[in-house]
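Following: one structure in structure tokens, then a few remarks.
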Amino acid sequence: MGRRTTLERYGSKTTAIGRVRGLGSAHDGAHHWLMQRFTAIGNLVLVSFLLISLALLPAYDYLAMFAWVAQPLVATALALLVISVFWHARIGMQVMIEDYVDTPGNKFAALAALNLAAVGGVVFALFSIARIAFAGVA
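Take any residue in the sequence shown, count from 1 to its spot, add 18: that is its number in the working numbering.
What follows is the structure in structure tokens.
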């Protein structure tokens, strides 16, 4: 008879402490981990593009920066960067809140505040980028 695995012994994939506490897997850990990596790679690519594009500008005065942001490719890259950065931050903060806030009411309030801040930040930033992109240089 050899040694039986946990799966053979208990018929599930939960750990011993998970069985004791009555908790199972959250089933979101792998997805959050993967999304963190995807958004990190996206952030790296977009920031690299924007920094190179910014470095190639002939001047850095107000009108030059305004004209730079008003370019369609740059405005699109900025919008994608804003979405990716806020999503990346939201996922990371959500995992920390879920792991370290024990009281259900506090956890709900913290997650609600986090989602409100993330959505509010994205909407404000996208509105600002769109306003510059559609206004053109004065």
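By construction, the Cβ of each residue, glycine as well, lies at the ideal position given by its N, Cα and C atoms.
Computed from a predicted structure; not experimentally measured.
N-terminal and C-terminal residue of the alpha helix (DSSP H) that residue 90 is part of: One-based indexing of the sequence shown puts residue 90 at position 72. Per DSSP, the continuous alpha helix (DSSP H) segment holding residue 90 begins and ends at 90-118.
Residues of its chain near residue 75, where Cβ-Cβ distance is below 7 Å and the 5 sequence neighbours each way are ignored: Against the sequence shown, residue 75 aligns to sequence position 57. Taken in chain order, the residues that qualify are 82 and 86.
Stretch-stretch touch, CB-based, cutoff 8 Å, three pairs: the stretch 61-80 with the stretch 114-132: no
Residue 57 burial status per 10 Å Cβ neighbour count (16 or more: buried): Against the sequence shown, residue 57 aligns to sequence position 39. The residue in question, residue 57, is buried, as its Cβ has 16 or more Cβ neighbours within 10 Å.
Neighbour-count burial assignment, residue 134, 16 or more Cβ in a 10 Å radius: By one-based count along the sequence shown, residue 134 stands at place 116. Exposed, because fewer than 16 other Cβ atoms sit within 10 Å of the Cβ of residue 134.
Closest residue to residue 115 among 59, 72 and 131 (Cα-Cα distance): Within the sequence shown, the letter at position 97 stands for residue 115. The closest CA to that of residue 115, considering only 59, 72 and 131, is found on 131.
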